[in-house]
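These protein sequences, in sequence, are chains A and B. So the first sequence is numbered by this note's numbering: it starts at 1 and just counts up by one. So the second sequence is numbered by this note's numbering: it starts at 1001 and just counts up by one.
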Amino acid sequence: MNFEFSSDQMLLKDQARKFLEGEESLKKARAILEGELSFDESLWKSVVEMGWTATTIPEEFNGLGLGYLELCVIAEELGRSLAPTPFSSSVYLATESILANASNEQKQKYLPKLASGEIVGTLAHTETNTAPTSNNLQCSFSNGQLKGKKIAVPDGDIANFAVVTAKEGEKVRLCIVDLETKGVEIKTQNSLDPSRSHASINFNNAEAEILDNDKDGWIALETLLERAAVLFAFEQLGGAEACMNMAKEYAMGRFAFGRPIASFQAIKHKLADMFIAVELARSNCYFGAWALSTNAPELSTAAATARVSASEAFNECSKENIQTHGGMGFTWEFDCHLYYRRCRQLAANIGSQTIWKDKLISSLERSNKI
Amino acid sequence: MDFKDTSEEATFRKEVDKWLSDNAELKEGPNDSLSSLTEEEALLRAKEWAAKLYDDGWACLHWPKEYGGRGSTPIERVIWGQEVSKYKVPGGFFEIGQGMAGPVLMMYATEEQKKRFLPPLAKGEEVWCQLFSEPGAGSDLAGLKTKSVLEGDTWTINGQKIWTSGAHYSDFGILVTRSDPDAHKHKGLTYFFLDMKSPGVEVRPIKQISGGANFNEVYFTDVKIPDDQRLGAVGDGWKVALTTLMNERLAVGDASGPDFEEIFNLACKQDLNGDLAIKNGSVRDKLADWYCQYSGLKYTKYRNISALSRGETPGPEASITKVVSGNKLQEIANFGMDLMDSAGVIRDETTDNEQSMYQYGFFGAAGIRIAGGTDEILKNIISEQVLGLPQDMRADKGIPFNKIPTSNK
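Printed below as a string of structure tokens:
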């Protein structure tokens, strides 16, 4: 049995971690959080130069043609370092939806530029504070034009184009829209995690193309979200482990009652609980990575399991990291809140925990196999 | 990344599978076992099975051949475990002997003793038990008080052990005692093995909350043990005990009882408020949590096996298994009964039905969370040995054992 990343993949992960540490990704996340900008352009450029945006794009479209396992290890490190870039939107959502659904012509148009980082894409799906369904979508597409409003679009104010869910009559479609085109109005929205930008986008008869190749758009969307869920889960896993390590370092150095607080059982058991959550999430993420990289029939189950498990681990670790730091953890100055914020951002980004738990059970009901 | 065997592993698996299919019956479901047998019948069946394994070279895979084992690699042992779990085979009597006593004898006994005791243990002719815990020394095992005094070549043992699984049918036992109460806590211990039929050994069963009685109190009144049955040096008993306990964690497996598959199947067929339980949001929420734990443990195990397969030693990460599975079992057992509404509390021990499976799990889980290291001790192990946190400050360090406080009086 070889249920582990290869030594080359582990090497890539190690390089990614060192690179992001060298880039002071965490400091940059804080700067974006505190400043006016939506993302760190220099870090984004470096990430592009590393070739990460080209990872899964085939060589014929100027990509690297690597596999999803490579992308998973990169995702874990981006999550660990809170990289303030539009990577997840552009790579896990936009690039993936084009790879899976677009015509050859559309691929030629978008993929080489996505690989080279010349353009950034995102997915615009949410419309209200009710989870979108194939029934309640209000955005409409007809005669090559898109009408309606999307909110909480991740990196919506950075992206050059968006994949947008809309109804054409009764049919759900995935549309692709140039965000610099006429009839598109973008407004940056405040969010809990300003180190990752969000925007509302108004489409007022904006010119759009159909992306889904006449597939069932809702199914195409669900598949896209499943595949993205594995990658988001790796970011969450990286974040969770970072919080556990932060809590550990602090507890070892902080003295109270004449001893390091790490020697108190209340703190030790808290850290053991974090470790258990991280370890379960890691194993589930690996299964998700395997299913994603092999297009296994188990992908629906594996992706939802990785997502639910990693959201839970990040939640546990980011809140208990603050708790372990005591009052210091509640200050702006300490980095605990950066992770606490990112945890919520990632948990919200592709749908709620409740929805993913429901998807997991539905997948088990469908597969008749546990 | 894949789940495939290497070619050597595949060959070995094929060989295992061939032998098992010729010699045992496949299980019909994950909980299909021989549990309806009386203890006496079960022991007899287990001895027959062990002898068969021995005769065909499948006993004690991890032991060297010269002592009756197979000399297998750790990964071969895992493959055997995976395959044998698909079959309905007797078990539950030799884990302590073969998993814990055997390895300690191999390290500390004389060559003559190894030749005398190891092959019968491998063959299942003799059953061993572990005499470690005491009423006042459970998680804090080194606080044990059973006294050993040397006179000439013979030790005299007085005291009491507790939670000794299988003492009532065991032939031999491994025993830790206090030989020097004036020494510091971990320094004054000495380790032996003894014949359970020795005069002065009295075994009394303990009735458990489930109503069963698998373990015992064992009283020692002037029990004589020859000095050549001492394992390790006088005063080195703690070191020898730690070797044993390292093997215990490998010997104690998952909690047995209803797991995700059972509770999922129940929810798929049981009505709740006029619809199937599986349609209920609160049921789905719980099921999703348990599935994540179930799947997380399954793939953690696969990661450990992968490490073995590469010839590495799996990390202490394995210690999360019992903490997670014991608590999961307790929750699932409770919820299984909850799905049966008011009737879930009714017990009919004469039938082997689904309800009783959850009820057994309800009691079993309370035990598994304590046996072989409590949840709390395992979390200490995780935090100290995996995460590297410091030990708790202790009130028993640096003073002679007999000056350590043991009560409020």
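Every residue, glycine too, gets a C-beta built ideally from N, C-alpha and C.
Using a Cβ-Cβ cut-off of 9 angstroms, GLU312 (chain A) is close to ASP1289, CYS1292 of chain B, given in chain order. Near chain A, meaning a CB-to-CB distance below 9 angstroms, the residues of the region 1379–1402 of chain B are LYS1379, ASN1380, ILE1381, ILE1382, SER1383, GLU1384, VAL1386, LEU1387, GLY1388, LEU1389, PRO1390, GLN1391, ASP1392, MET1393. Only residues of its own chain outside the window of five on either side were considered, and among them ILE1278 have a CB closer than 8 angstroms to the CB of ARG1284 (chain B), listed in chain order. For GLU76 (chain A) and LYS109 (chain A), the gap between their C-alpha atoms comes out near 29 angstroms. Residues are counted here when their Cβ sits less than 7 angstroms from a Cβ of chain A; for the region 1258–1272 of chain B these are PHE1260, GLU1261, PHE1264, given in chain order.
For VAL172 (chain A), the uninterrupted beta strand (DSSP E) segment begins and ends at 171–178.
Beta bridge pairing from DSSP links VAL47 (chain A) with no other residue. Ranked by Cα distance from GLU1028 (chain B), the options B:GLY1102, B:ASP1056, B:SER1085 are led by B:SER1085.
The C-beta distance from ALA159 (chain A) to VAL184 (chain A) rounds to 11 angstroms, too long to meet the 8 angstroms contact threshold. If the five residues before and after GLU226 (chain A) are omitted, its C-beta is found closer than 7 angstroms to the C-beta atoms of LEU299, SER300, ALA303, all from its own chain and listed in chain order. Residue state for GLY1336 (chain B) is assigned as helix, using DSSP reduced to three classes. Between CYS139 (chain A) and VAL164 (chain A), the CB-CB gap stays under 8 angstroms. For ARG1077 (chain B), the nearest beta carbon of chain A is not closer than 8 angstroms to its own beta carbon. In the DSSP assignment, ARG1116 (chain B) falls outside any beta strand (DSSP E) and lies within the alpha helix (DSSP H) extending over 1111–1123.
Only those residues of the region 1130–1141 of chain B whose C-beta falls short of 8 angstroms from the nearest C-beta of chain A would be listed, and there are none. Contacts between ARG1284 (chain B) and chain A, judged by CB atoms closer than 8 angstroms, involve LYS357, ASP358, ILE361 in chain order. Per DSSP, reduced to three states, the secondary structure at ILE219 (chain A) is helical. Spanning the alpha carbons of GLY1188 (chain B) and PHE275 (chain A) requires a straight line of approximately 35 angstroms.
Among the residues of chain A, those whose CB is under 7 angstroms from the CB of ASP1005 (chain B) are MET1, following chain order.
Chain-ordered, the chain B residues with CB closer than 7 angstroms to the CB of PHE287 (chain A) read SER1295, TYR1299. Secondary structure of GLU1041 (chain B) (DSSP, three-state): helix.
In this structure, DSSP gives LEU11 (chain A) a helical state, which the three-state scheme calls helix.
Using a Cβ distance threshold of 8 angstroms, SER197 (chain A) and SER38 (chain A) count as a contacting pair. At least 8 angstroms separates the CB of ARG1369 (chain B) from every CB of chain A. Straight through space, the alpha carbons of PHE257 (chain A) and LYS1047 (chain B) are spaced by roughly 57 angstroms.
Within chain B, PRO1390 have C-beta atoms less than 8 angstroms from the C-beta of PRO260 (chain A), given in sequence order.
For ASN204 (chain A), no alpha helix (DSSP H) run applies; the uninterrupted beta strand (DSSP E) run containing it begins and ends at 198–210, by DSSP. GLY65 (chain A) has its alpha-carbon roughly 5 angstroms from the corresponding atom of GLU59 (chain A). Closer than 8 angstroms to the CB of ILE276 (chain A) there is at least one CB belonging to chain B.
Under a 10 Å Cβ-count criterion, SER1342 (chain B) is classified as exposed, with fewer than 16 other Cβ atoms of the shown protein chains found around its own Cβ. Within 10 angstroms of the beta-carbon of GLY1097 (chain B) lie 16 or more other beta-carbons, which makes it buried.
Of all C-beta pairs linking the region 1387–1404 of chain B to the region 1175–1189 of chain B, three or more are shorter than 8 angstroms, placing the two stretches in contact. Judged by DSSP secondary structure, GLY1173 (chain B) falls within the beta strand (DSSP E) whose first and last residues are 1172–1178. For HIS1168 (chain B), the three-state secondary structure derived from DSSP is helix. Those residues of the region 1009–1033 of chain B placed with their C-beta closer than 9 angstroms to a C-beta in chain A are GLU1009, ordered along the chain. Contact between the region 1189–1204 of chain B and the region 1215–1223 of chain B is present, with at least three C-beta pairs closer than 8 angstroms.
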